[in-house]
Structure formats: C-alpha cells, structure tokens
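The sequence shown begins at 1 in full-length UniProt numbering and counts up by one. Note that beta-carbon positions come from the ideal geometry of N, C-alpha and C, so glycine has one too. Given the structure is predicted, the values throughout are model-derived calculations rather than measurements. Below is one structure; the comments refer to it alone.
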Amino acid sequence: MTGGNLFEAKPGSPERKEMNPLLKLTLELGPLMIFFFANSRGPALAERFPALGELGGPLFLATAAFMVATAIALSVSWLLTRKLPIMPLVSGVVVLVFGGLTLWLQDETFIKVKPTIVNGLFAFILLGGLLFGRSLLAYVFDSAFRLTDEGWKKLTLAWGLFFIVLAVLNEIVWRNFSTDFWVAFKVWGIMPITFAFTLAMLPIITRNSLPDERSNGR
Numbered sequence: 001m002t003g004g005n006l007f008e009a010k011p012g013s014p015e016r017k018e019m020n021p022l023l024k025l026t027l028e029l030g031p032l033m034i035f036f037f038a039n040s041r042g043p044a045l046a047e048r049f050p051a052l053g054e055l056g057g058p059l060f061l062a063t064a065a066f067m068v069a070t071a072i073a074l075s076v077s078w079l080l081t082r083k084l085p086i087m088p089l090v091s092g093v094v095v096l097v098f099g100g101l102t103l104w105l106q107d108e109t110f111i112k113v114k115p116t117i118v119n120g121l122f123a124f125i126l127l128g129g130l131l132f133g134r135s136l137l138a139y140v141f142d143s144a145f146r147l148t149d150e151g152w153k154k155l156t157l158a159w160g161l162f163f164i165v166l167a168v169l170n171e172i173v174w175r176n177f178s179t180d181f182w183v184a185f186k187v188w189g190i191m192p193i194t195f196a197f198t199l200a201m202l203p204i205i206t207r208n209s210l211p212d213e214r215s216n217g218r
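In structure tokens form, the structure reads like this:
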C-alpha cells in the first residue's frame with residue numbers, strides 16, 4: 001500500500017468509497033456537540049466523575065472530550081472506508097495539537113484560536129488549490145452532487161472566502177466576549193450561519209449540475 005492510498009480517492013474515482021450522508025454529517029458534527037455538552041455540564045460531570053475535575057474547569061474538560069470524540073470520529077471513518085477524509089483530517093490534527101496545548105498549559109487561548117486556524121487553513125487550501133487549477137471542494141461534496149468544472153470553481157471560491165469570514169468572526173467573538181458566549185456561538189451561531197450560506201449556494205449548484213452517471217450503472 002502506498003502512502004497515497006491512506007487518503008480518500010479523487011472525486012469520481014471508482015476507488016472512492018462513499019459514506020452514508022447522515023452518518024458523515026454525524027461524524028463531522030458529533031465532536032462539536034459533545035464539546036458544547038461537556039462545557040455546559042462540566043461541573044456536574046466533574047462532581048459525578050472526580051477524576052475529570054483534575055483536567056481543570058469546564059472548558060478544559062470539554063476540550064478533552066472534544067479531542068477524544070474527534071479521534072473516534074476519524075477512526076470510525078477509517079474503519080468504514082479504509083481512507084482518511086482530507087478536510088476532517090486537517091481539522092482533527094489541529095484539534096489534537098491545540099487541544100493538547102490547552103490542557104498542558106491550562107490556557108484557554110489555544111482552543112479558542114483553533115477555529116481561526118482551522119478556517120484559515122481551509123481557506124488557504126481551497127483558494128490555494130484554485131491557483132493551481134484544482135477545485136478541492138469536490139473532495140468534500142462529490143458524494144452529494146456532481147458539478148461542471150466551472151461550477152466547482154465557483155463553489156470552491158465562495159467557500160474559501162466564507163472560511164475567511166468564519167475565521168474573522170471567531171477572532172471577534174473570543175476576544176470580546178465571555179468563554180460561555182464563545183462556546184454557545186461556536187455551536188448555535190456558526191451552525192445556522194453555515195446552513196444559511198449553504199442554502200445561498202444552491203443556485204450555483206443548480207445551474208452547474210451534471211446528470212448523475214452513477215445512476216446509469218457507470
């Protein structure tokens with residue numbers, strides 16, 4: 001097995017194994033929901049399981065839970081497809097690195113900066129790929145729909161710019177509001193904003209969609 005076989009195949013490749021969209025969404029959003037739950041229920045969890053209290057306050061407990069959930073999600077994805085999804089892998093690596101620094105140094109700043117780093121990396125990857133003529137967003141959404149090359153370029157550009165907006169929003173919120181507000185915004189603010197942006201992309205998807213050749217046995 002070559003090193004390249006560790007990662008998901010190119011969109012449209014016969015070697016690409018597709019995952020159930022609902023399961024894929026669960027694996028991607030599950031760690032974030034666990035992070036929110038652990039932060040909101042931190043004191044109760046520490047009281048019930050005293051060992052967890054050694055991690056520090058609620059945010060540190062939530063960070064540890066986030067790291068474990070992220071590792072589990074990536075492991076499940078690997079077990080089901082024998083491939084590592086590129087975008088979740090990038091996010092997972094940053095979670096483990098910055099989460100580890102948060103727990104080790106007992107400094108909330110590292111986990112708060114993590115979304116800025118992740119969104120900045122995604123923007124860099126997507127926009128950088130366009131400079132080399134590659135629409136890397138197809139790796140993420142190819143299982144959901146098929147677009148023309150021009151459609152993927154437009155969608156990739158839009159998402160690249162959107163990730164920059166998310167990075168800026170995270171910086172504004174964590175630097176100017178409380179930790180609890182930042183956690184709530186991370187879950188209940190970013191998710192609706194992302195959903196609304198996704199809906200706004202539907203016209204691009206509709207205008208640039210291709211017939212699904214896979215339904216014809218190809």
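For residue i, list the residues DSSP reports as bridge partners.
i           : result
S91         : Its beta-bridge partners do not exist; DSSP assigns none.
residue 234 : Nothing can be reported for residue 234: it is not among the residues displayed for the chain, which extend from 1 to 218.
Using three-state DSSP, classify residue i as helix, strand or coil.
i    : result
S209 : strand
L136 : coil
M191 : helix
G217 : In this prediction, G217 has a pLDDT of 47, which is less than 50 and means its spatial position is unreliable; nothing more can be read from the coordinates.
L27  : helix
E108 : coil
Who are the near neighbours of residue i in its chain, counting only those whose CB is closer than 7 Å to its CB and skipping five residues on each side?
i    : result
K112 : W174 and W182
A44  : none
E150 : N208
Just the C-alpha distance for residue i and residue j, rounded to the nearest angstrom, thanks.
i   : j    : result
I86 : T198 : 20 Å
A46 : G53  : 5 Å
T63 : F35  : 7 Å
R41 : D180 : 12 Å
A69 : M191 : 18 Å
P58 : V94  : 20 Å
Using the rule of at least 16 other Cβ atoms within 10 Å of the residue's Cβ for burial, across every protein chain shown, is residue i buried or exposed?
i           : result
S77         : buried
residue 225 : Given a span of 1 to 218 for the chain in the structure shown, any question on residue 225 remains unanswerable.
A65         : buried
L25         : exposed
G160        : buried
Can you find the residues in the same chain that come closer than 6 Å, C-beta to C-beta, to residue i, ignoring five residues on each side of it along the sequence?
i    : result
I117 : V94
I'd like the list of long-range same chain contacts for residue i, defined as Cβ closer than 8 Å, with 5 residues on each side in sequence excluded.
i   : result
M33 : V187
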